[in-house]
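Under our numbering, read the sequence shown as residues 108 to 665, first letter to last. Just so it is clear, CB atoms sit at the ideal spot from N, CA and C, and this is done for glycine as well. Quick caveat: nothing in here was measured; it's all calculated off a predicted structure.
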Amino acid sequence: MGETTVVTALIAIGFALSACACGSPGALSGNRDAGQVKNVIFLLSDGTANEAWPLARWVKGKRLASDAILSGAIRTYGADSIITDSAPGSTSYATGQKGSDKGIAVYPWNVTIAGVDCDPAMAYVPLATVLEGAKLTGRATGVVATSNVQHASPADFTAHTHDRSNYLEIGEQQVYQDMDVVLSGGEQYLLPKGVGGGVRTDNENLVQVVKAKGYAYVTNRDQMLAASGQKIFGLFAKDAMAYDIDRATTAPGEPSLAEMTTKALETLSSSSKGKDRGFFLFVEGSKIDWAAHDNDPAGVVSDLIAYDDAVKAALDFAEADGTTLVISVADHTTGGLSIGVRSDPHYSTTDDDFVVAPMRKARLTAEGLGRRIEKSNSEAAIRAAFADSWGITDLSADEIASIRKSRPGKALQKVMGSMLSRRARLGWTTGGHTGGDPYLFSYGPGRISGLWENSALGTYVAGKLGFTFPEINKRLFVEASAAFRAEGFSTSIDLSDATNPVLTVSKGTATARLPLAKNLVLVNGKTIELEGIVVMAEKLGKVFLPRQAIDLVTAELQ
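Right, dumping it as structure tokens:
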């Protein structure tokens, strides 16, 4: 690929802000290579502030793989805020629509931003995703993340709900999406209470469902590397996976993001679907955002470098393949990271060692260091932990006191993060999200440049995969009651098992049953798999399902 950086002209200042509709306003500038796209690798570094990239480069001491494909920037605002959350931010990439706060691949219901012109009648309706569209084209599909797989960004590509925190619903939908590769954390959300630390309240063991579906089910790095076959489902932690720099100490059995990405690419590309039609793979470096929320520079830098290693794995594949489009973005920026602080009177003569030396001494994130201190917070233990893990040997009495009085967890991590930041001359403006335009990176046929709307990027990827969102929305999400009524059927929701509701379709004594959050029809003694899942839009009290389900039930019950 070489070291040639894609030079981006971000001088399209005269763009029309009013073109930011819920749908796809199009790119504001940039070239489009018309080459054939068979595969798409869509990578996302959650919450990555632009200044995190040069910081990671300084700490690493050499160019990053991503540097060679820097091509533009993304406008990430949502339907109801110019400072977006991961849920609406990734919804835009996944569905081509601006989203409302906390919504997972559903139509926005709260629209307050000028220029975002959405149809109120569509509020909360599920929206088909690029991953679901890729499946409909016959492609293999996969998801890789370092969070639990039910977390907002991976959920946006694989599930539909108004509430990003509904991990049990999201997890069930994901299992029945029949993706070919899932590598992430979050096993507890697939297991019932009383089984392996599970938290499900519906008594369903979805790990058993995964195994019954023919996946190689793996729970550690060695099992993943040894797995063969065309389908692999790996959950390497009960909840989120470890930060990259902490892994050797706290979770040595977990794979790295680059290793998961490489395994996903090997599996998808060698599968029969991958060979014939290609694949779509979503990869997220999830915890860059989490570290930025904690103002923890060690976590941000180490996980961003690990993410860049995954980008390199994607680029190596794409360069050899020739038909793979690689896109790398952030869903939003977090923390307001700055290299340099106003309190430093000598910022204009900041030597690189002032920043790099303290950062390179870090052997754990604030989370990893916090776990060590929580075991013993005597002054001697704190000083030893800081010296060993961060190379800090000059803690003041005030710093010791603030550490000892901080609550374990996020509060403690943020206090400690400020201590490393201060020594590395790094600043933060917030513990929340920010409204900047994160970088766009792109490589391969169909590579793009310039300033893009996040929703426009989703629409563009769909086009390169050979479909449009309007057509797959009509195919995957038809309102059930109206559609069946038109065919002479009645519908109701069977709540005899309240934790496992079922859509019942009847005509006379003939009945079909469609469990919610699954891709199944139970009719005439048969269980038939659908091409998409059955989704309850809870805020509407309506069920949406594939057009295929209506045709199938009609044929079976006539």
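From the DSSP output, in three-state form, read off residue i for me.
| i | result |
| --- | --- |
| R328 | helix |
| D458 | coil |
| T115 | With a pLDDT of 32 at T115, under the threshold of 50, the predicted position of this residue should be treated as unreliable, though the coordinate-derived value follows. Looking at T115 - three-state DSSP - the assignment turns out to be coil, as it is neither helix nor strand. |
| K521 | helix |
| V433 | strand |
| V144 | coil |
| M466 | helix |
| L151 | strand |
| P161 | helix |
| A617 | strand |
| G305 | strand |
| R265 | The residue you asked about is not Arg; residue 265 is Thr in the sequence shown. Reduced to three states, the DSSP call for T265 is helix. |
| K300 | strand |
| G498 | coil |
| C127 | Reliability fails at C127, whose pLDDT of 34 lies under 50, so the model's placement of it is uncertain and the value that follows must be treated cautiously. It is coil, neither helix nor strand. |
| G570 | helix |
| G137 | Low per-residue confidence applies at G137: pLDDT is 31, beneath 50, and the placement is therefore not dependable, though the value from the model is reported in the following sentence. Reduced to three states, the DSSP call for G137 is coil. |
| Q284 | coil |
| N273 | coil |
| A175 | helix |
| G168 | coil |
| E578 | helix |
| T661 | helix |
| D187 | coil |
| S513 | coil |
| P132 | Residue placement at P132 is poorly supported in this model, since its pLDDT is 36, which falls under 50; the coordinates are not used for a value here. |
| S483 | coil |
| E506 | helix |
| R493 | In the sequence as displayed, the identity of residue 493 is Phe instead of Arg. Looking at F493 - three-state DSSP - the assignment turns out to be helix. |
| L471 | coil |
| A156 | coil |
| E279 | helix |
| G595 | coil |
On the DSSP bridge assignment, give the partners of residue i in chain order.
| i | result |
| --- | --- |
| V609 | D601, P622 |
| H258 | Paired residues: none, contrary to the question. |
| W559 | I181 |
| E636 | L627 |
| Y550 | V433 |
| M87 | Lying outside 108 to 665, the shown extent of the chain, residue 87 is not represented and no answer is given. |
| R291 | First, the amino acid is wrong: residue 291 is Ser here, not Arg. Paired residues: L342. |
| V585 | L652 |
| F681 | Outside the displayed span of the chain (108 to 665) sits residue 681, for which this structure offers no information. |
| T541 | T440 |
| G534 | S445 |
Can you say whether residue i is buried or exposed, counting buried as having 16 or more other CB atoms within 10 angstroms of its CB?
| i | result |
| --- | --- |
| H453 | exposed |
| T456 | exposed |
| I211 | buried |
| R182 | buried |
| Q665 | exposed |
| Y505 | Correcting the residue identity first, residue 505 is Asp in this sequence and not Tyr. D505 should be labelled exposed. |
| N138 | With a pLDDT of only 35 at N138, under 50, the local geometry of the prediction cannot be trusted, and the value read off the model is given with reservation. Result: exposed. |
| A247 | buried |
| S435 | buried |
| L332 | exposed |
| P653 | buried |
| I555 | buried |
| D140 | In this prediction, D140 scores a pLDDT of 46, lower than 50, which makes its location untrustworthy; the coordinate-derived value is nonetheless stated afterwards. Result: exposed. |
| A425 | buried |
| E474 | buried |
| A662 | exposed |
| T616 | exposed |
| S525 | buried |
Sorry if obvious, but does the Cβ on residue i come closer than 7 Å to a heavy atom of the ligand ATP?
| i | result |
| --- | --- |
| A487 | Summarising the ligand content, the structure contains no ligands, and the ligand ATP is consequently not present. |
If we require 4 or more residues per run, which alpha helix (DSSP H) segments fall completely within the region 193 to 254? Within the region 193 to 254, the runs of alpha helix (DSSP H) at least 4 residues long that lie entirely inside it are, in chain order, 193 to 202, 237 to 243.
Hey, is the region 499 to 511 in contact with the region 410 to 417, meaning 3+ C-beta pairs nearer than 8 Å? no
Length-filtered (3 minimum) beta strand (DSSP E) runs lying within the region 388 to 450: 431 to 436
Which ranges would you report for the alpha helix (DSSP H) in the region 313 to 381 if only whole runs of at least 4 residues count? 313 to 319, 328 to 333, 354 to 357, 364 to 377
Does the contact criterion of 3 or more C-beta pairs under 8 Å hold for the region 427 to 446 versus the region 551 to 566? Yes, since at least three Cβ pairs between the region 427 to 446 and the region 551 to 566 fall closer than 8 Å, the two stretches touch.
Is there contact here, the region 437 to 451 with the region 148 to 160, by at least three beta-carbon pairs under 8 Å? Contact holds: three or more Cβ-Cβ distances are below 8 Å.
Is it a yes or a no for the region 332 to 352 touching the region 286 to 296, going by three-plus beta-carbon pairs under 8 Å? yes
Examine the Cβ distances between the region 398 to 411 and the region 456 to 475 and report whether three or more of them are shorter than 8 Å. Under the Cβ criterion (8 Å, minimum of three pairs), the region 398 to 411 counts as touching the region 456 to 475.
Tell me, please, whether the region 160 to 176 touches the region 199 to 209 by the rule of three or more beta-carbon pairs shorter than 8 Å. no
Cβ pair count under 8 Å reaching 3, the region 247 to 266 against the region 383 to 401: yes
Whether or not the region 227 to 246 and the region 632 to 651 are in contact is what I'm after, with contact meaning three or more pairs of Cβ atoms, one per stretch, closer than 8 Å; do they touch? yes
With three or more beta-carbon pairs closer than 8 Å as the criterion, would you say the region 180 to 200 touches the region 258 to 275? yes
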